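K.L.:
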Amino acid sequence: MDRGPGALRHNRRAVTAIAALVAALLAACGGNGPKDPSVEASDRYEFRATDHGFESRKGDEPFRAFYSAGINFGLAVPGTLPGEFLATREQIARWIAATAELGLNTIRIYTVQSPEFYEELRRWNLEHPKMPLFLLQGAWLREPEDVPADYLGEYDRVWFRDELEKVVDVVYGNREILPGGPERPLNWGRAFGTYTADVSPWLLGWLIGREVEPQTLMTTYARHESERAYHGVYFTVEDGDPFEAYIAESFDYLVSHEELGYGRRHPIAFSNWPTLDPLDHYTEPPYPYSSEEMFSLDMKKVAVSPNFTEGVFISYHAYPYYPDFIVYQPDYQVSDAQGSNSYLGYLRDLRAYYEGYTVVISEIGLPSSQGSAKRIPSGLDHGGLDERQQGAGLLRALGSVVDSGMDGFAVFSIVDEWFKRAWIVDPIELPADRRHLWHNAMNPEQNFGLIALRPGSPERFHFVDGTDDGWTSEPRLRKDGGPAAPRGDGYDSMRTLRDLTIEHDEGYLHLLLRVDDLDPMRTGRLDWSKVSYWLAFDTVDPERGDGFLDPAKTIGVERRVEFLLRLDADGASLLVDRPYDLYGVWHGLRDESQAWRTVANDDGIFHPMRNLTNWEYVYEGEQLGPFVDDAIGTLPIGPESEKSDTSFWYSLDEGTLEVRIPWSLLYVTDPSQRRVVDDRGESRRELGTSVTPEIAVAAMSLSPAESPILVDAFGAIPTEDGWRIPASGFARYSWEGWDTVTFHEYRKASFGILKDGLPSLLGRVQPR
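Numbering follows our numbering, in which position 556 of the sequence shown is assigned residue number 561; successive positions increment by one, without gaps.
1) Find the nearest neighbour of A98 within the set E66, V117, E132, L146, judged by alpha-carbon distance.
2) Quick check on this structure: which residue in V117, T745, P134 has the alpha carbon closest to the alpha carbon of S47?
3) Going by DSSP, what residue range makes up the beta strand (DSSP E) through F748?
4) Need the endpoints of the beta strand (DSSP E) that D431 sits in, please.
5) Are the C-beta of R481 and some C-beta of chain B separated by less than 8 Å?
6) I'd like to check one pair, G75 with L109: are the Cβ atoms closer than 8 Å?
7) Evaluate Y287 with the Cβ neighbour count: other Cβ atoms within 10 Å of its Cβ, from every protein chain shown; 16 or more gives buried, anything less gives exposed.
8) Report the start-end ranges of each beta strand (DSSP E) in the stretch 472–548 that is 3 residues or longer and not cut off at the edges.
9) Three Cβ pairs or more, each shorter than 8 Å: is that satisfied between the stretch 190–204 and the stretch 243–260?
10) Let me confirm a value: W211 is counted as buried when at least 16 other C-beta atoms fall within 10 Å, else exposed. Which label applies?
11) Throw me the rounded Cβ distance for the V545 and T674 pair, which I believe falls under 8 Å.
12) Taking one C-beta from the stretch 79–92 and one from the stretch 729–741 each time, how about it: are there three or more such pairs within less than 8 Å?
13) DSSP three-state call for D329: helix, strand or coil?
14) According to DSSP, is S223 part of a helix, a strand, or is it coil?
15) Could I get the ranges of all uninterrupted beta strand (DSSP E) runs contained in the stretch 565–625, with 3 residues as the minimum, in chain order?
16) Could you tell me the alpha carbon to alpha carbon distance between F256 and L157, rounded to whole angstroms?
17) For P667, I'd like the list of residues in its chain whose CB is within less than 7 Å of its CB, leaving aside the five on either flank, ordered along the chain.
18) Buried or exposed: which applies to A33, given that a residue is buried once 16 or more other Cβ atoms fall within 10 Å of its Cβ?
19) Under a three-way DSSP split, which group does F248 fall into?
20) For a minimum of 4 consecutive residues, which ranges assigned as the alpha helix (DSSP H) are wholly contained in the stretch 260–345?
21) Closer than 7 Å to a non-hydrogen atom of the ligand MN - does that hold for the CB of D650?
22) Does I101 come out as helix, strand or coil in the three-state DSSP assignment?
23) Please report how far the alpha carbon of D575 lies from the alpha carbon of P709, in whole angstroms.
24) Buried or exposed for Q628, please, with buried defined as at least 16 other CB atoms from any protein chain shown within 10 angstroms of its CB.
25) DSSP three-state call for H628: helix, strand or coil?
26) Tell me which residue opens and which closes the beta strand (DSSP E) that N775 is part of.
27) Quick one: is G36 buried, meaning 16 or more other Cβ sit within 10 Å of its Cβ, or exposed?
28) Name the one or two DSSP bridge partners that G143 has.
29) Considering Cα atoms alone, identify which of W207, L355, M499 is closest to E270.
30) In the DSSP output, which residue or residues are listed as bridge partners for G774?
31) With 16 as the cutoff for other CB atoms within 10 Å, does Y294 come out buried or exposed?
32) Have a look at P184 and V173 and give me their C-alpha separation to the nearest angstrom.
33) Taking Cβ to Cβ, would you say I377 is nearer than 8 Å to D386?
34) Name the one or two DSSP bridge partners that I758 has.
35) Take W533 and list the residues in its own chain whose beta-carbon comes closer than 7 Å to its own, dropping the five residues that flank it on each side.
36) Quick one: which unbroken beta strand (DSSP E) runs of 3-plus residues sit fully inside the stretch 438–476? Chain order, please.
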């Protein structure tokens with residue numbers, strides 16, 4: 006058929022590049038890569054992707070079915086960016102051992118890692134021959150910097166070919182990569198070092214590329230509309246989209262590099278996602294209202310030569326909560342043993358489309374973040390889960406992968422990643438280039454790990470149990486004597502404040518309020534019908550904010566405040582002063598009362614803190630999914646031993662109440678610089694911020710009633726209408742900024758849940 010001049014140019018570039026590669030490799034190594042004397046041929050594994058899943062064999066043993074149960078590794082530790090690769094050898098070794106302990110058999114990585122990663126993986130496999138860990142090696146596809154963006158531009162082609170060569174050579178322990186610099190621009194932001202550890206005996210396959218944005222494909226195709234075919238050594242596309250032809254070309258380039266340089270081949274895939282799947286998602290509105298159905302990348306269009314027996318497999322990053330069509334498309338409304346589960350319905354559809362292929366869900370996970378970015382009917386939410394819910398939900402989601410007939414999975418991820426962004430908190434993580442210097446418990450993307458990288462040192466980490474264990478600072482406020490306005494009902498000791506202590510770390514503001522006695526009647530419980538506690542926060546400017554804490558204006562404050570925390574029979578509720586409320590900020594929604602900055606007022610009106618996580622989903626006039634608000638101000642409570650995401654608990658024995666508030670909930674956009682939201686409308690691109698000199702906190706106790714009755718506060722002064730808390734009644738707290746962080750590892754409860762549940766889960770795998 007006539008493929009047109011563009012297709013011929015497309016193939017000519019590819020063939021020329023592969024021919025040059027062949028010549029260079031033959032000149033360098035005569036077609037034979039380095040031999041590994043420490044791994045006998047009988048100990049080397051071979052894999053192939055078949056029409057019924059992966060198969061593997063060791064040495065010349067017969068091929069057997071292989072189910073890839075893996076986990077994704079990211080090696081950007083807190084305080085660093087992903088292009089720095091500063092995880093230590095000891096950390097990498099622990100995470101590799103943890104993978105094996107979980108009962109998994111595969112590690113997936115996205116690009117070349119540090120030499121230490123390959124050395125430690127090789128070390129593990131040589132020392133544990135009966136429990137090896139196999140490698141899915143990625144090759145990263147950079148986001149084009151051209152304007153308009155063009156994946157098929159010459160520089161990006163050169164960059165990606167360089168990446169393909171590097172990953173192959175590194176896996177075979179045969180590469181030195183120099184640091185990036187003006188003379189080596191291709192190496193900027195990439196791992197470097199001398200790579201001598203050959204891990205190819207345990208290589209499961211190549212998983213190249215990334216989640217490609219549809220808008221970038223649109224601008225790419227506008228420049229390369231005619232380049233729709235590719236004919237190569239092992240892979241052919243007759244009439245595809247330009248990027249599908251490029252995938253085939255890239256497959257050929259990598260496979261040729263491996264075969265000619267090292268005499269071996271492995272299964273290969275491109276990393277896709279549901280946004281570009283080839284299925285019919287008829288509920289999606291057209292572009293520009295949605296970009297989810299603009300394009301597809303269909304691997305069925307890539308014809309594979311019978312000579313390439315290692316095979317192509319299909320890879321998807323697929324989560325239960327995104328895109329909306331997975332949640333709401335009517336075809337996907339099915340149930341599992343635990344209730345509605347549209348994720349299972351979607352996976353069945355994807356599996357059916359790629360019948361006859363090996364299909365792997367190479368990213369699947371749930372975050373243990375306090376904040377959520379999407380709530381869905383199945384409860385497999387994008388955050389807003391504690392560690393136990395994370396573990397149980399992950400097992401359920403993996404059960405959907407197994408029960409839909411997929412051929413493997415890779416959990417996301419082994420550790421938390423502080424550098425990650427999430428749309429729901431994007432407006433209040435500023436400046437964005439310092440996000441990696443603090444931890445945001447409200448950011449789902451930072452909290453996918455089975456191993457937490459928690460802020461602070463283990464010695465000073467505040468494990469929320471209500472006691473003063475681990476608190477080393479002196480109280481900021483103290484008082485003696487009885488309450489300011491005793492009730493005389495036998496419960497005044499519950500309402501008598503003694504001291505208030507404040508500390509912080511890279512993730513939270515911590516407060517410890519001590520009272521005279523939390524259980525005066527010795528009932529063994531805190532009787533919330535007799536007391537409530539309020540904490541008022543001035544976070545920006547003492548001259549701006551609300552001058553009253555209640556609409557009746559019975560409690561005034563000399564330092565105006567932005568936030569009010571109520572601890573009472575209803576739990577722990579964080580409220581924000583009405584003008585400072587950022588509800589709807591990401592969507593550009595606000596009413597006339599919202600200034601998105603703190604302003605002086607005397608309303609005494611505080612709003613419950615909320616996020617708009619779900620926009621309504623409508624198809625042909627029918628609302629398939631509603632608007633959903635996440636009540637982020639309703640703080641989780643309980644001892645941390647039972648509730649990992651807790652913000653509050655107390656100790657009856659010590660008379661102490663312990664509070665832990667994520668920085669983001671106080672609109673602190675960068676605690677490492679004491680930067681807070683303070684928008685003055687100077688930019689349409691992002692909220693304005695300012696540096697706060699300090700945070701000041703007032704504490705008080707009240708007798709619960711329809712109208713609150715203040716009983717005690719630090720420095721409370723009676724007024725004609727009630728009480729006033731002077732500036733001296735606020736605990737003032739400031740801290741030094743930082744450019745380096747402290748953190749420590751901690752295995753989440755989800756780690757143990759997955760470990761315990763995997764044997765049963767993998768026992769459900771059915772041969773195809």
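Glycine included, each C-beta is placed from N, C-alpha and C at the ideal position.
This one's a predicted model, so the numbers in the text were calculated from it and none came from an experiment.
P.N.:
Judging by the given coordinates:
1) The residue given as residue 98 occupies position 93 in the sequence shown. For A98, the nearest C-alpha among the options comes from E132.
2) As a working mapping, residue 47 is identified with position 42 in the sequence shown. If we check each option's Cα against that of S47, P134 comes out closest.
3) Counting from one through the sequence shown, the residue named residue 748 turns up at place 743. Per DSSP, F748 belongs to the beta strand (DSSP E) from 748–752.
4) Stepping through the sequence shown from its first residue, residue 431 is reached at position 426. No beta strand (DSSP E) holds D431; DSSP gives it neither H nor E.
5) This model lacks chain B altogether; it includes just one protein chain.
6) As a working mapping, residue 109 is identified with position 104 in the sequence shown. As a working mapping, residue 75 is identified with position 70 in the sequence shown. It is a contact, given that the beta carbons lie within the stated cut-off.
7) The residue labelled residue 287 in the question sits at position 282 within the sequence shown. It counts as exposed.
8) 502–509, 513–520, 537–543
9) no
10) Within the sequence shown, residue 211 is the residue found at index 206, counting from 1. W211 is buried by the Cβ-count criterion.
11) In the sequence shown, the residue the question calls residue 545 occupies position 540. In the sequence shown, the residue the question calls residue 674 occupies position 669. The Cβ separation is near 12 Å, so there is no contact.
12) no
13) For this step, residue 329 is matched to residue 324 along the sequence shown. D329: helix per DSSP, three-state reduction.
14) Walking along the sequence shown from the start, residue 223 turns up at place 218. In the sequence as displayed, the identity of residue 223 is Met instead of Ser. Note: M223 maps to helix in three-state DSSP.
15) 568–573, 576–582, 611–613, 616–619, 622–624
16) Start at 1 with the first residue of the sequence shown, and residue 256 comes out as number 251. Start at 1 with the first residue of the sequence shown, and residue 157 comes out as number 152. Roughly 15 Å separates the two Cα atoms.
17) On the sequence shown, residue 667 is found 662 positions in, with the first residue counted as 1. Within the same chain, P667 has close Cβ partners Q375, N445, A446, M447, G512, Y513.
18) Translated into positions along the sequence shown, residue 33 becomes position 28. Any reading at A33 must be qualified, since the residue scores a pLDDT of 43, below 50, and its modelled position is unreliable; no value is offered.
19) Reading the sequence shown from its first residue, position 243 is the one you call residue 248. It is helical.
20) 329–333
21) The model on display carries no ligand, and the ligand MN is accordingly not part of it.
22) Taking the first residue of the sequence shown as 1, we reach residue 101 at position 96. The answer is helix: DSSP assigns I101 an H, G or I state.
23) Within the sequence shown, residue 575 is the residue found at index 570, counting from 1. Within the sequence shown, residue 709 is the residue found at index 704, counting from 1. Looking at the two C-alpha atoms, the distance is approximately 11 Å.
24) Within the sequence shown, numbered from 1, the residue matching residue 628 stands at position 623. It is exposed - the Cβ of Q628 has fewer than 16 other Cβ atoms within 10 Å.
25) Here residue 628 refers to the residue found at position 623 when the sequence shown is read from its first residue. The sequence as given places Gln at residue 628; His does not occur at that position. Of the three classes helix, strand and coil, the one that applies to Q628 here is strand, per DSSP.
26) Limits of the chain in this structure are 6 at one end and 773 at the other, which puts residue 775 out of reach.
27) Within the sequence shown, numbered from 1, the residue matching residue 36 stands at position 31. Here G36 scores only 39 on pLDDT, less than 50, and its place in the model should not be relied on; the value that follows carries that caveat. Exposed, since its Cβ has fewer than 16 Cβ neighbours within 10 Å.
28) The count along the sequence shown starts at 1 and reaches residue 143 at position 138. According to DSSP, G143 bridges with L212.
29) Within the sequence shown, the letter at position 265 stands for residue 270. The question names Glu, but residue 270 is Arg in the sequence shown. Nearest option by C-alpha distance: W207.
30) The shown model of the chain, from 6 to 773, leaves out residue 774, and the question about it has no answer.
31) To locate residue 294, count along the sequence shown from 1; it is residue 289. Label assigned to Y294: exposed.
32) Position 179 of the sequence shown holds residue 184. Position 168 of the sequence shown holds residue 173. Roughly 18 Å between the two C-alpha positions.
33) Numbered from 1 along the sequence shown, position 372 holds the residue referred to as residue 377. Numbered from 1 along the sequence shown, position 381 holds the residue referred to as residue 386. Residue identity check: residue 377 is Ser in the sequence provided, not Ile. Yes.
34) Within the sequence shown, residue 758 is the residue found at index 753, counting from 1. Bridge partners of I758: none, in fact.
35) For the purposes of this step, residue 533 is taken as the residue at position 528 of the sequence shown. Excluding residues within five positions, the ones whose Cβ falls inside 7 Å are D573, A574.
36) 456–460
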